[in-house]
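Residue numbers (UniProt numbering): 1 to 59. By construction, the Cβ of each residue, glycine as well, lies at the ideal position given by its N, Cα and C atoms. Here is the structure we will look at, set down as structure tokens.
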Amino acid sequence: YSPHLSEKTAILGKLVKKDTNWNWCPEHEAAFTEMKNIITQVPGPVLKFYDIGKHVTVQ
């Protein structure tokens, strides 16, 4: 889960709508870069394989 990810990357979704001209602008590049940074940060919001060697806390 990443708060506000959809809001930060909404401009990218507009590129794939029907009858939309593809025009990659600096705003698209910035949104794409921010999305990559968010989902690849450590620890990140992306789910990972379960590691049986790590401690688990259930709340």
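Consult DSSP for H4 and reduce its assignment to one of helix, strand or coil.
Numbered from 1 along the sequence shown, position 4 holds the residue referred to as residue 4. In this structure, H4 counts as coil in the three-state DSSP scheme.
Problem set entry | Where K18 sits in the DSSP three-state scheme | In the sequence shown, counting from the first residue as 1, residue 18 sits at position 18. In the structure shown, K18 sits in coil (DSSP, three-state: anything other than H, G, I, E or B).
Rounded separation between A30 and K17 - CA only
Residue numbering aside, residue 30 sits at position 30 when the sequence shown is read from its first letter. Residue numbering aside, residue 17 sits at position 17 when the sequence shown is read from its first letter. If you take the alpha carbons of A30 and K17, they lie about 19 Å apart.
**Item:** Nearest-angstrom beta carbon gap, M35 and K8 [assumed within contact, 8 Å]
**Value:** Against the sequence shown, residue 8 aligns to sequence position 8. Against the sequence shown, residue 35 aligns to sequence position 35. So it is a contact: roughly 7 Å between Cβ atoms.
| Ends of the alpha helix (DSSP H) at G13? | The residue labelled residue 13 in the question sits at position 13 within the sequence shown. Its alpha helix (DSSP H) spans residues 10 to 13.
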